[in-house]
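Under my numbering, think of the first position of the sequence shown as 362, with each following residue one higher. Built from N, CA and C at the ideal position, the CB exists for glycine as well.
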Amino acid sequence: MDSEKPEGPQLCGWCGMGIHDGMEVHGMAPDSSVTHASDPARDGQRFLTSCSREHLAALQEHYRHRPGG
Numbered sequence: 362m363d364s365e366k367p368e369g370p371q372l373c374g375w376c377g378m379g380i381h382d383g384m385e386v387h388g389m390a391p392d393s394s395v396t397h398a399s400d401p402a403r404d405g406q407r408f409l410t411s412c413s414r415e416h417l418a419a420l421q422e423h424y425r426h427r428p429g430g
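In structure tokens, the structure reads:
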């Protein structure tokens with residue numbers, strides 16, 4: 362797999378809304394359950410996609426309160 366970008370429309374991780382290309386907001390959050398397929402240095406970091414900065418902040422806050430986050 363050359364790219365980590367999923368096929369098809371991306372969905373907001375907070376509200377589930379479909380996101381048009383170029384409109385998504387990305388960020389990271391600590392998550393001890395994540396293991397990266399090819400780069401162990403990226404283990405423990407969950408890649409997040411949302412439809413807005415507000416929803417990204419809500420997702421990051423959610424993961425901050427999870428055990429191991």
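Legend entry - Buried or exposed by the 16-neighbour rule on C-beta atoms within 10 Å, applied to R407: buried
Legend entry - Minimum C-alpha distance to M384 - residue among D404, G377, S413: S413
Legend entry - Straight-line gap, E415 to H423 (C-alpha atoms, nearest Å): 12 Å
Inset, instruction - Determine the direct distance from the alpha carbon of L420 to that of E368, and round the result to whole angstroms. - result: 22 Å
Inset, instruction - Note the first and the last residue of the continuous beta strand (DSSP E) segment covering A398. - result: Segment: none, A398 is in no beta strand (DSSP E) and carries neither H nor E.
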